[in-house]
Amino acid sequence: MIKSFKHKGLATFYYDGSKKGIQVRHADKISDILDVIDAAKEIGDIYFPGSNLHLLHPKEENIWAVKVSGAWRITFKFENGDAYIIDYLNYH
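Note that this note's numbering numbers the sequence shown so that position 83 is 83, with each residue one more than the last.
Listed below in structure tokens is the structure:
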């Protein structure tokens with residue numbers, strides 16, 4: 001279940017549907033990714049073809065990333081079936 005967001009525009013999109021703070025061309029994919037994250041009970045539930053789900057370094061922080069498009073990623077901390085500090089960034 002989604003518990004918190006770091007990216008304000010992503011939170012607004014999730015709660016209100018406003019695309020103002022995200023890349024409009026990513027809206028459908030972001031919506032799908034957030035739905036998967038919200039429904040996940042364990043990290044393996046977030047894997048889907050093309051997700052490129054991977055753990056970021058350092059591993060002890062338990063921050064995961066999912067590919068949106070190109071170098072755009074959604075990152076989040078996943079603990080006990082809940083997702084925290086969800087961010088949306090171009091990190092390359």
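Glycine residues also receive a C-beta, built at the ideal position from the N, C-alpha and C atoms.
In whole angstroms, give me the CA-to-CA distance for residue i and residue j.
i: residue 16; j: residue 46; result: 23 Å
i: residue 77; j: residue 14; result: 17 Å
i: residue 50; j: residue 69; result: 10 Å
i: residue 75; j: residue 63; result: 7 Å
i: residue 7; j: residue 30; result: 13 Å
i: residue 20; j: residue 84; result: 22 Å
i: residue 56; j: residue 90; result: 14 Å
When we look at the beta-carbon of residue i and count the other beta-carbons within 10 Å, is it buried (16 or more) or exposed?
i: residue 73; result: buried
i: residue 48; result: exposed
If contacts are defined as beta-carbon pairs under 8 Å, then residue i and residue j qualify, I think. What distance do you get, rounded to the angstrom?
i: residue 1; j: residue 82; result: 5 Å
i: residue 52; j: residue 36; result: That belief does not hold up - the Cβ atoms of residue 52 and residue 36 are roughly 13 Å apart, past 8 Å.
i: residue 22; j: residue 10; result: 6 Å
i: residue 154; j: residue 92; result: Absent from the structure is residue 154, since the part of the chain shown begins at 1 and ends at 92.
Between the Cα of residue i and those of the options, spot the shortest distance and give me the residue it belongs to.
i: residue 79; options: 8, 30, 44; result: 44
i: residue 98; options: 38, 61, 32; result: Residue 98 lies beyond the range of the chain shown here (1 to 92); nothing can be said about it.
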